[in-house]
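Chemist:
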Amino acid sequence: MAKVKSIFVCQTCGFEVSGWMGKCPSCNSWNSFVEEISEKQPDKISDKSFSAPVLIGEVKVDNEDRLSTDIKELDRVLGGGMVKGSLILVGGDPGIGKSTLLIQVCGQVKTKANILYVSGEESLKQVKLRADRLGIANDRILMLSETNISSIEKVIAGEKPEFVIIDSIQTMYSEEISSAPGSVSQVRAVTGELMKISKGSGITIIIVGHVTKEGTLAGPRVLEHMVDTVLYFEGERHLSYRILRAVKNRFGSTNEIGIFEMTGSGLREVENPSETMLSGKPKDVPGSVVVSCMEGTRPLLIEVQALVCPTSFGMPRRMATGVDYNRITLLMAVLEKRIGMQLHNFDAYVNVAGGLKVDEPACDLGIVLAVASSFRNIPVANNVVLIGEVGLTGEIRAVSQIEKRVTEAMRIGFKRCIIPAGNSKALSQFEFKNTEITCVDNVQQALELLL
Ligand code: TYD
Ligand code: MG
């Protein structure tokens with residue numbers, strides 16, 4: 017009989033120790049160890065488990081190995097569709113819309129074989145009611161209410177579906193592990209089983225994983241490195257926009273995002289995100305500017321807002337939503353030192369409208385102008401888009417993919433683009449009708465032009 021052993025597993029990173037510890041030596045989180053019983057399998061290597069090395073030229077690849085989900089935004093994030101035999105993790109806060117997205121995928125996708133939807137959270141009735149409400153009419157969907165991984169394995173072997181959805185990994189368990197479903201060792205064991213199934217049979221498996229409050233998946237990073245693709249579904253709960261982001265992709269780029277809107281009848285793809293993001297922008301108001309940033313290969317126009325007001329405390333407050341806090345303090349220091357704006361007596365709040373998060377330096381110039389505009393109480397003209405990275409000496413540095421950013425601004429109908437002087441050469445070969453391009457060298461010049 018295998019020896020029963022008790023171990024302590026960090027619920028944040030999966031680090032294992034033999035005795036309880038207050039702080040995890042691996043990820044430094046406090047009070048995260050939970051006792052789990054692991055039945056160690058005796059190490060045995062049978063003759064069958066050896067695989068012989070193969071020359072790379074002799075490895076067979078099928079050309080037609082991607083399956084389009086028929087949801088363009090999702091396909092883009094996946095790098096052109098689901099790769100056959102891959103393991104895809106869709107993570108996100110509870111209630112953000114993961115199950116909704118996946119049942120919609122089931123409804124849209126065109127497959128030759130059946131699709132298996134394994135629900136461990138909701139009853140089949142609940143899933144069916146939701147599918148009916150969303151108008152999903154695909155008779156290829158097989159529903160299964162099951163949480164035992166070995167039963168699921170048998171069903172998959174019998175049905176040979178085109179792809180499988182596991183909703184969610186935290187409800188599944190393996191009989192070989194005695195700890196509760198959702199614990200690190202269960203999640204790891206179940207994912208390991210699923211990985212074996214997908215690699216062995218070439219069936220794509222999509223795993224739903226809930227995210228804990230700290231922002232990592234419960235049963236967390238252990239999951240991320242095992243799967244081929246990790247997608248996060250993000251968004252503010254009270255806003256209707258949802259952003260699907262690839263954080264790991266073995267078969268494509270990780271910069272792409274997909275934008276959806278949660279409506280009464282499910283998730284809708286946002287086809288023109290720039291227009292949607294700017295739809296609520298106020299006109300002629302100080303502190304509101306438009307920047308052109310890149311999300312993957314796609315340019316996106318977004319509104320950056322700032323509010324600067326006198327502080328009533330000794331320490332002025334700085335707050336940033338959707339942009340890096342440290343970047344805000346840095347850019348305000350540049351304004352203070354290089355332009356001489358006395359910001360040290362003022363609170364400053366910077367916000368990216370629409371619940372988006374941007375971390376691109378190309379938005380710097382926009383942030384600087386938004387803060388300066390609010391400070392001086394002078395609006396920046398409505399038809400201007402700002403592009404540029406700001407350096408510590410107040411210089412404006414060139415950014416990548418300038419022509420895409422400017423083209424997007426022109427398409428939406430902006431009349432003027434302020435760009436770094438360093439980018440003027442790259443743009444000289446393009447012709448932009450109806451849009452005036454103005455190059456600036458430093459923050460001072462940009463302020464003189466616009467405020
Ligand atoms: P769900 O897909 O169940 O979330 P998850 O699987 O990530 O936990 O999404 C549930 C939320 O979505 C719920 O708060 C209601 C909302 N919703 C809509 O607004 N419209 C719809 O058509 C559906 C199906 C859900
Ligand atoms: Mg769900």
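As numbered in this note's numbering, the sequence shown has no gaps in its residue numbers, which increase by one up to the final residue, 467.
Just so you know, even glycine gets a beta-carbon here, dropped at the ideal spot from N, CA and C.
Look at E272 and V93 and say whether their C-beta atoms are less than 8 Å apart.
Modeler: It is a contact, given that the beta carbons lie within the stated cut-off.
Chemist: For V243, which residues from the same chain have a beta carbon less than 6 Å from its beta carbon, with the 5 sequence-adjacent residues on both sides left out?
Modeler: Excluding residues within five positions, the ones whose Cβ falls inside 6 Å are L103, L105.
Chemist: Could you give the first and the last residue of the continuous alpha helix (DSSP H) run that contains S201?
Modeler: From DSSP, the alpha helix (DSSP H) with S201 extends over 200-217.
Chemist: Which residues in the same chain have their Cβ closer than 8 Å to the Cβ of I131, if we skip the five residues on either side of it in sequence?
Modeler: Within the same chain, I131 has close Cβ partners C122, V125, N154, R156, I157, L158, P177, E178, F179, V180, I181.
Chemist: Going by Cα to Cα distance, which pick from I219, E240, G407 is closest to T207?
Modeler: Here the closest residue by C-alpha is E240.
Chemist: Taking only three categories from DSSP, how would you classify C433?
Modeler: Correct three-state label for C433: strand.
Chemist: Alpha carbon to alpha carbon, how far is L150 from L140?
Modeler: In a straight line, the C-alpha of L150 is about 15 Å away from that of L140.
Chemist: Within this structure, are the beta carbons of L15 and L359 separated by less than 8 Å?
Modeler: This structure does not reach residue 15, given that the chain is present from 17 up to 467, and the question cannot be answered.
Chemist: Relative to ligand 1, is the shortest distance from any of its heavy atoms to the C-beta of K114 smaller than 7 Å?
Modeler: Result yes, Cβ under 7 Å from ligand 1.
Chemist: Identify every residue that forms a DSSP beta bridge with V262.
Modeler: Here residue 262 is Ala; the residue named in the question, Val, does not match the sequence. DSSP, once it has assigned bridges, lists L247 as partnering A262.
Chemist: Please list, in chain order, all residues of the same chain as E32 whose beta carbon is under 8 Å from its beta carbon, the five residues on each side excluded.
Modeler: These residues qualify, in order along the chain: I23, F24, V25, C26.
Chemist: Give the straight-line distance between the Cα atoms of M17 and S190, rounded to the nearest whole angstrom.
Modeler: Low confidence applies here, because M17 scores a pLDDT of 48, under 50, leaving its location unreliable; read the following figure in that light. Looking at the two C-alpha atoms, the distance is approximately 18 Å.
Chemist: What residue from E447, M426, S45 has the CA that sits closest to S290's CA?
Modeler: For the residues E447, M426, S45, the minimum Cα distance to S290 belongs to M426.
Chemist: Check A322 in the structure and name its three-state DSSP category.
Modeler: If DSSP states are grouped into helix, strand and coil, A322 belongs with the strands.
Chemist: Using a Cβ-Cβ cutoff of less than 6 Å, which residues in the same chain neighbour G30 once the five nearest sequence positions on both sides are dropped?
Modeler: If we look at G30 and ignore the five residues flanking it on each side, its Cβ neighbours are V200, V238.
Chemist: Can you tell me whether S195 is buried or exposed, with buried defined as 16 or more other CB within 10 angstroms of its CB?
Modeler: Buried, by the Cβ-count rule.
Chemist: Please list the terminal residues of the continuous alpha helix (DSSP H) segment that includes G174.
Modeler: Run containing G174: 165-175, per the alpha helix (DSSP H) assignment.
Chemist: May I ask you to report which of helix, strand or coil DSSP gives M17?
Modeler: With a pLDDT of only 48 at M17, under the threshold of 50, the placement of this residue in the model should not be trusted, and no figure is reported.
Chemist: What three-state label does DSSP hand V305 in the structure shown?
Modeler: Note: V305 maps to strand in three-state DSSP.
Chemist: Which of the three DSSP states is assigned to T454 in this structure?
Modeler: Reduced to three states, the DSSP call for T454 is strand.
Chemist: My assumption, with CB atoms under 8 Å, is that S389 sits in contact with V396. Please give the rounded CB distance.
Modeler: With a Cβ gap of about 5 Å, S389 and V396 count as contacting.
Chemist: Is G382 buried or exposed, if buried means 16 or more other CB atoms sit within 10 Å of its CB?
Modeler: With 16 or more other Cβ atoms within 10 Å, it is buried.
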